[in-house]
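Engineer: The structure that follows is given in the form of structure tokens.
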Amino acid sequence: MNLLKAQIKELEKLNIPCYREKDYDAFWKGVMKKVDSLPLNVRSRGIDYPIGRMDVRELTFEGLDGTEISAWLIFPPEARKSKVPVVIQYHGAGGSKGEPENYSNWILLGAAVIAIDYRMQSGKTGTKSGFSTWSTNEWLAMGILDREDSYIYRMITDSLRAVKLARETKEIDSKRIAITGGSQGGGMALAVAAFDNSVRLCMADVPSNCWLEKRVFARSGGGNQIAEFIRKHPECLGQVMKTLSYLDNLNSAERIKCPVLISCGLKDPVCPPDTAYAVYNKIRSSKKMMAYPFNEHEGGGATHSREKLKFFNQYIK
Numbered sequence: 001m002n003l004l005k006a007q008i009k010e011l012e013k014l015n016i017p018c019y020r021e022k023d024y025d026a027f028w029k030g031v032m033k034k035v036d037s038l039p040l041n042v043r044s045r046g047i048d049y050p051i052g053r054m055d056v057r058e059l060t061f062e063g064l065d066g067t068e069i070s071a072w073l074i075f076p077p078e079a080r081k082s083k084v085p086v087v088i089q090y091h092g093a094g095g096s097k098g099e100p101e102n103y104s105n106w107i108l109l110g111a112a113v114i115a116i117d118y119r120m121q122s123g124k125t126g127t128k129s130g131f132s133t134w135s136t137n138e139w140l141a142m143g144i145l146d147r148e149d150s151y152i153y154r155m156i157t158d159s160l161r162a163v164k165l166a167r168e169t170k171e172i173d174s175k176r177i178a179i180t181g182g183s184q185g186g187g188m189a190l191a192v193a194a195f196d197n198s199v200r201l202c203m204a205d206v207p208s209n210c211w212l213e214k215r216v217f218a219r220s221g222g223g224n225q226i227a228e229f230i231r232k233h234p235e236c237l238g239q240v241m242k243t244l245s246y247l248d249n250l251n252s253a254e255r256i257k258c259p260v261l262i263s264c265g266l267k268d269p270v271c272p273p274d275t276a277y278a279v280y281n282k283i284r285s286s287k288k289m290m291a292y293p294f295n296e297h298e299g300g301g302a303t304h305s306r307e308k309l310k311f312f313n314q315y316i317k
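Just so you know, we're using my numbering here: the sequence shown kicks off at 1 and counts up by one.
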């Protein structure tokens, strides 16, 4: 145990300098103005679903560029009588919003669920905007030379629009919005918590999008996609890092005001624990890190899923 304690102690000491551009705050202020002001233009249809406790709707809402973002909106029976809390789910890389039954745990707690598909992955969301730079099968490198053209920016803003959807849904209590996700989705949850203070709880599992400089130079997980772009275009290194400075959770974590639960696997080669701790150590709000000593990118698995239910009950219920 001494070795484990020493490792965690070193991780807790990490203090990686931020690298924001001078117009960072002004940029995100402008982005949030667009997120909040542009209409969602929701299109929704009910689904005849075999689990009676789940009122399931398949819908689309618009991203900032008009792309129709595919999503589930699922209500528990409690929503027929009163406003209910909501859990917004952001999926991992290459995944999708899955199936409604995947969210039965939250429904049983009396919460609604919004689950979205990110662009051009395994779900039903395409993209209306092209990207000025393209990298085959490496979506994180798409548009990487311009902050508002980058794929990561599109993911963050689509995720923020899902929170706007929650606030504008009459059955949902806008003061009880929780967000969660794993890996790519965990990174998006941390970004959303930083930029939208209407979020009341953030649960990020083995989060990506943290300390991106380290991720890129170590070629870990999705960072390898960006590293490969730089390998092919070494003259673009400076511009790529400038773009990432607007998108890295390391630079936005201090903005988070809600309680945060983060998990990491201390043997994770995809989203290494030091990148998660680099961001965690910047968070000033109430927070909890659960580090699983022998786990890799699966994080805490079912054990951690139960911890999330407890955390939700502590702060939302």
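Idealized CB from N, CA, C, for every residue including glycine.
Of all the options R43, N105, I69 and I177, which has the alpha carbon lying nearest to the alpha carbon of V87?
Structural biologist: I177
Engineer: Counting along the chain, where does the beta strand (DSSP E) carrying S44 start and finish?
Structural biologist: It spans R43 to I47 - the beta strand (DSSP E) in which S44 sits, taken as one unbroken run.
Engineer: Let me check one thing: in DSSP terms, what residues is M290 bridge-paired to?
Structural biologist: S263
Engineer: Quick check on the DSSP output: what are the complete beta strand (DSSP E) runs of length 3 or more inside the region 65 to 138, in order along the chain?
Structural biologist: 68 to 75, 84 to 90 and 112 to 116
Engineer: Within the chosen definition, does the region 173 to 191 reach the region 79 to 97 through at least 3 CB pairs nearer than 8 Å?
Structural biologist: yes
Engineer: Rounded C-beta distance between K5 and S70? I'm assuming under 8 Å.
Structural biologist: Incorrect: roughly 45 Å between the Cβ atoms, too far for contact.
Engineer: Report back the beta-carbon spacing between G299 and V206 to the nearest angstrom; my notes put them in contact at under 8 Å.
Structural biologist: About 4 Å; that satisfies the 8 Å criterion.
Engineer: Under 8 Å by Cβ, that's how I've got T243 and S150 pegged, so tell me the actual separation to the nearest angstrom.
Structural biologist: 6 Å
Engineer: DSSP three-state label for V216, please.
Structural biologist: helix
Engineer: Roughly how many whole angstroms lie between the Cα atoms of R215 and P273?
Structural biologist: 11 Å
Engineer: Can you give the Cα-Cα distance for S129 and T60, rounded to whole angstroms?
Structural biologist: Per the coordinates, the alpha-carbon of S129 lies some 17 Å from the alpha-carbon of T60.
Engineer: Determine the closest residue to L108 out of P77, K9 and M290, with distance taken between C-alpha atoms.
Structural biologist: P77
Engineer: A204 lies in the alpha helix (DSSP H); which residues open and close that run?
Structural biologist: For A204, there is no enclosing alpha helix (DSSP H); the residue is found in the beta strand (DSSP E) stretching over L201 to D205.
Engineer: For S245, which three-state DSSP category applies?
Structural biologist: helix
Engineer: Could you tell me the distance, in whole angstroms, from the CA atom of I230 to the CA atom of S104?
Structural biologist: 42 Å
Engineer: If you check the beta carbons only, do G186 and A204 fall under 7 Å apart?
Structural biologist: yes
Engineer: Does the beta-carbon distance from M188 to G181 come in below 7 Å?
Structural biologist: Against a cut-off of 7 Å, the Cβ pair of G181 and M188 comes out as a contact.
Engineer: Could you compute how far the alpha carbon of A218 sits from the alpha carbon of Q7?
Structural biologist: 19 Å
Engineer: Do three or more CB pairs link the region 25 to 33 to the region 52 to 59 at distances below 8 Å?
Structural biologist: Three or more beta-carbon pairs separated by less than 8 Å are not found between the region 25 to 33 and the region 52 to 59, which leaves the two stretches without contact.
Engineer: What residue range is occupied by the uninterrupted alpha helix (DSSP H) comprising A162?
Structural biologist: Y151 to E168
Engineer: Have a look at T169 and S96 and give me their C-alpha separation to the nearest angstrom.
Structural biologist: C-alpha separation (whole angstroms): 22 Å.
Engineer: Measuring CA to CA, which of E99, D158 and I262 is closest to D65?
Structural biologist: D158
Engineer: Between E148 and N2, what straight-line distance do the alpha-carbon atoms span, to the nearest angstrom?
Structural biologist: Going by the C-alpha atoms only, they are around 46 Å apart.
Engineer: To the nearest angstrom, how far is it from the Cα of N15 to the Cα of K287?
Structural biologist: 17 Å
Engineer: With a Cβ-Cβ cutoff of 7 Å, do V199 and A191 count as a contact?
Structural biologist: no
Engineer: For I283 and A253, which I take to be in contact (beta-carbon distance under 8 Å), what is that distance rounded to the nearest angstrom?
Structural biologist: 5 Å
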